[in-house]
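In the numbering used here, the protein residues as written are 218 to 319.
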């Protein structure tokens, strides 16, 4: 039972870290002097510093329009730790959004 609780805590830690990195990177990339590429790099930096390079498998940023406002979306796909920090091919997909400053 104890190991199951530790594993759940680890999964939640990874999920929250990836979600926070995606939303923080979106806000960073949406600043007036930043680009979508800057947002991708920021997401990678945040995740790699907290979890390691294995957790930045797929990071992308795209710009779209929502109700006439430009919106930056940062999407991150990361492995889901099933056995410790390792595990089978499950993936966690998180994204963050921010309105782009003009």
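Built from N, CA and C at the ideal position, the CB exists for glycine as well. Since the structure is predicted, the reported quantities are computational estimates derived from the model, not experimental observations.
Fill in: Inter-residue Cα distance where the pair is residue 289 and residue 273
Within the chain shown, the letter at position 72 stands for residue 289. Within the chain shown, the letter at position 56 stands for residue 273. Taking the straight line from one Cα to the other gives about 19 Å.
Item to complete: With a threshold of 16 other CB atoms inside 10 Å of the CB of residue 318, please say whether the residue is buried or exposed.
Response: Start at 1 with the first residue of the chain shown, and residue 318 comes out as number 101. Exposed, since its Cβ has fewer than 16 Cβ neighbours within 10 Å.
Discussion item. Is the separation between the beta-carbon of residue 277 and that of residue 292 shorter than 8 Å?
Written reply: The sequence position of residue 277 within the chain shown is 60, counting from 1. The sequence position of residue 292 within the chain shown is 75, counting from 1. Their beta carbons are under 8 Å apart, which means residue 277 touches residue 292 by this criterion.
Practice prompt. State buried or exposed for residue 163, treating a residue as buried only when at least 16 other CB atoms are found within 10 Å of its CB.
Written response: The requested residue 163 does not occur in the structure, where the chain is confined to residues 218 to 319.
Worksheet entry | Residue environment, residue 313, which counts as buried when at least 16 other CB atoms sit within 10 Å | As a first step, residue 313 must be located in the chain shown, where it is residue number 96. Counting every other CB atom within 10 Å of its CB across the protein chains shown gives residue 313 a total of 16 or more, marking it as buried.
Item to complete: Between the Cα of residue 258 and those of 250, 246 and 268, spot the shortest distance and give me the residue it belongs to.
Response: Working through the chain shown from its first residue, we reach residue 258 at position 41. When only C-alpha atoms are compared, the closest one is 246.
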